[in-house]
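K.L.:
Take a look at the following structure, please.
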Amino acid sequence: MSSVAAALDGDVAAWPYARPKRSATKARQRRIFWRRRLVVLACLASLVAGLGWLVSTPGSGSLGASSAGSMRPIRVPLPSLVALVPGSSKIAGSVALLPFPSTGQSAVYVRGVGLLGATPDEASVPIASLTKVMTAVIVLRDHPLGDGSGPSFTMTAADHEQWIQAVANGDSSLEVVAGERLTERQLLEALMIPSACNIADYLARWDAGSIPAFVRKMNAMAATLGLRQTHYADASGVNPGSRSTALDQALLGSYAMTVPGMVSIEDHPDMRFPVEGLAPNYNPVVGEDGVIGLKSGFTDAAQICLVIAARRKVGDRIVLVVASTLSQPSSLQGAGDIELQLLDAATADLGVHEVLFAHEPVAKVVAGWTAKATELSVPVSMTVVGWPGMSVTTVVKASIPVRPGAGHGWDQGTKMATVEVSTPAAIEQVAPGRLNGFLPSAPLGWTPVSSSSSTTVASSSQG
């Protein structure tokens, strides 16, 4: 046998002995492979079980563990809240009587707070040029000025003829001539300062295409604002069918002063126009004692009417106080004096009142799996602007995080609720309700004795 054949015979003879070594290597690799798969599968099973416990919501199933091929949900409920503060309370004391006039009707409204007072049994009466407040509101709503003056308009011979007719009728007006250019801002200033009836009609036609169409907009807005005894028959107030009450006009005045651009077009004692020249403001007290608006009016049917708005300081806050007076037989200045007295009396009655003091407990946490008492408190003092005898509402709304914090529970300081204190007109202040201590979450597999559990809680009402 040659050496090559001998070598081949030697290799062939060695094959049966080499195979066991190769099989042992593969077996070791297979053991490592399955060991790693089992570790990965165990980790995935732990992750799924953990997510099922953490992400579950009260009253509904969550991710669960598999047993004998079936899924059994793990219930992880949230705690509920019980309010510790009354839902309704009153500021101590009683409000002083306001100096209402002996004739006509009046009302005083504080923006964001509510109605301070009004003459009883008010009836809807003609309001003359107070009508133009709603005219300005509609125009500014439909055509906001922003930081500019709006579009420009070229007056025509027909516009000049309408001015002549207004003068002949004895209506307040602004002189315009053909070819004169006025901006939207100037037209609104003419509407509110010299109370130009011809300009009211011009703006109404521009906005809605016709005066009747514009009046429909006015009445729709009155309904939206809840002015139940207000009806408009024109855009200027010349028509005695434009009627309202002192209360409704105080409410409208309060709203109007928040419309962007309103203050800037009327907070002037006078205004200069291209043809008319210097025109005085018919509001006799604008610029006095914080007064920044609003509007006066007079017709034989309405007599003297006046609504004024003033910024007044109450504690560390500035509030808007609106007074309205209708059907006054005296004079514009007399009506102005009445309303300044009403504003002074209203401001004297207003104060900043503490409803909840800082760190005061507002609710307790109810959790069936623990007997530990845990409360929520507000981190800051909560106050309202108001007057003696005014009702204040306090509401605690649960906002419990679904995912507990570290240690499978909710940490001290966790926000569990939103606390609101409100006046009759608006929510005055909002603060978080935070945990005073650590609250453990329900243990794995815990089930409630009864299924009744609330996670949205309002404060109880007490007189």
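Numbering (this note's numbering) for the sequence shown: 314 to 776.
Backbone N, C-alpha and C fix where the C-beta goes; we use that ideal spot for every residue, glycine too.
Given the structure is predicted, the values throughout are model-derived calculations rather than measurements.
(1) What is the DSSP secondary structure of I542, counted as helix, strand or coil?
(2) Which one or two residues does DSSP pair with Y422 in a beta bridge?
(3) Counting only runs that start and end within the segment 461-497, where is the beta strand (DSSP E) found for 3 or more residues in a row?
(4) From the DSSP secondary-structure annotation, give me the bridge partner or partners of V678.
(5) In the DSSP assignment, find the unbroken beta strand (DSSP E) run with G606 in it and report its ends.
(6) Output yes or no for whether 8 Å exceeds the beta carbon distance between T496 and S462.
(7) Per DSSP, which residues does Q742 bridge with? Please list them.
(8) Where does G664 sit, in a helix, a strand or coil, going by DSSP?
(9) Kindly indicate which residue of Q418, M505, L591 and R625 has the alpha-carbon position closest to the one of G550.
(10) Going residue by residue through the segment 523-602, where are the continuous beta strand (DSSP E) segments of at least 3 residues, counting only ones entirely within it?
(11) Using beta-carbon positions only, say whether V678 and L394 come within less than 8 Å of one another.
(12) Rounded to the nearest angstrom, what separates K296 and G750 at their Cα positions?
(13) So what's V446 in DSSP terms, helix, strand or just coil?
(14) According to DSSP, W759 sits in a beta bridge with which residue or residues?
(15) With distance defined between alpha-carbon atoms, name the residue in V452, G726, M695 and A711 nearest to V271.
(16) Hey, how far is the Cα of A659 from the Cα of L633?
(17) Can you look up V408 in the DSSP assignment and give me helix, strand or coil?
(18) Using DSSP with H/G/I as helix, E/B as strand and the rest coil, what is G726?
(19) Out of curiosity, what's the CA-to-CA distance linking L757 and L669?
(20) By the 10 Å Cβ neighbour count, where 16 or more other Cβ atoms means buried, how is V743 classified, buried or exposed?
(21) For R747, which of helix, strand or coil comes out of DSSP?
(22) Need the endpoints of the alpha helix (DSSP H) that A436 sits in, please.
(23) Suppose you measure from the CA of T638 to the CA of A420; what does that come to, to the nearest Å?
(24) Select from P642, S508 and S523 the residue whose C-alpha is nearest the C-alpha of M584.
(25) Taking the alpha-carbon of A548 as reference, which of T731, S754, A559 and I512 has the nearest alpha-carbon?
(26) Check whether the segment 435-454 touches the segment 561-569, counting contact only when three or more Cβ pairs, one atom from each stretch, lie closer than 8 Å.
(27) Tell me which same chain residues have a C-beta within less than 7 Å of the C-beta of A738, skipping the five on either side of it?
(28) Please report how far the alpha carbon of W366 lies from the alpha carbon of V693, in whole angstroms.
(29) Is G699 helix, strand or coil when you go by DSSP?
(30) Would you tell me roughly how many angstroms separate the C-alpha atoms of W682 and V732, rounded to the nearest one?
(31) Less than 7 Å between C-beta atoms, sequence neighbours within five positions excluded: which residues of the same chain meet that for T768?
P.N.:
Per the coordinate set shown:
(1) A small correction: the amino acid at residue 542 is Gln; Ile does not occupy that position in the sequence shown. Note: Q542 maps to coil in three-state DSSP.
(2) Partner(s): L428 and V635.
(3) Qualifying beta strand (DSSP E) stretches, in chain order: 465-467 and 494-496.
(4) According to DSSP, which records beta bridges pairwise, V678 is partnered with L394 and T687.
(5) Note, G606: beta strand (DSSP E), V604 to T612.
(6) Yes; because the gap between Cβ atoms is below 8 Å, this pair is in contact.
(7) DSSP output for Q742 lists V734 as bridge partner(s).
(8) Per DSSP, reduced to three states, the secondary structure at G664 is strand.
(9) Of Q418, M505, L591 and R625, the residue nearest in Cα terms is M505.
(10) The qualifying runs are 583-586 and 590-593.
(11) Annotated as proximal: V678 and L394, with beta-carbon spacing under 8 Å.
(12) Given that the chain is displayed from residue 314 to residue 776, the structure contains no residue 296 and the question cannot be resolved.
(13) Note: V446 maps to helix in three-state DSSP.
(14) Beta-bridge pairing links W759 to no other residue.
(15) Given a span of 314 to 776 for the chain in the structure shown, any question on residue 271 remains unanswerable.
(16) Straight-line spacing of the CA atoms in A659 and L633 works out to 11 Å.
(17) For V408, the secondary structure class from DSSP, reduced to helix, strand or coil, is coil.
(18) Assignment of G726 by DSSP, reduced to helix, strand and coil, places it in the coil class.
(19) If you take the alpha carbons of L757 and L669, they lie about 38 Å apart.
(20) Under this definition V743 is an exposed residue.
(21) Strand at R747.
(22) Per DSSP, A436 lies in no alpha helix (DSSP H) segment and is marked neither H nor E.
(23) Looking at the two C-alpha atoms, the distance is approximately 7 Å.
(24) Minimum Cα-Cα distance from M584 among the listed residues P642, S508 and S523 corresponds to S508.
(25) Closest by alpha carbon: I512.
(26) Segments in contact, yes.
(27) For A738, where only same-chain residues beyond five positions count, the Cβ hits under 7 Å are G425, V426 and G427.
(28) The predicted model places W366 with a pLDDT of 43, which falls under 50 and marks its position as unreliable; any figure quoted below should be read in that light. W366 and V693 have their C-alpha atoms spaced approximately 35 Å apart.
(29) Strand, per DSSP.
(30) C-alpha of W682 to C-alpha of V732: approximately 26 Å in a straight line.
(31) At T768, the pLDDT of 38 sits below 50, so the modelled position is not reliable and the matter cannot be decided from this model.
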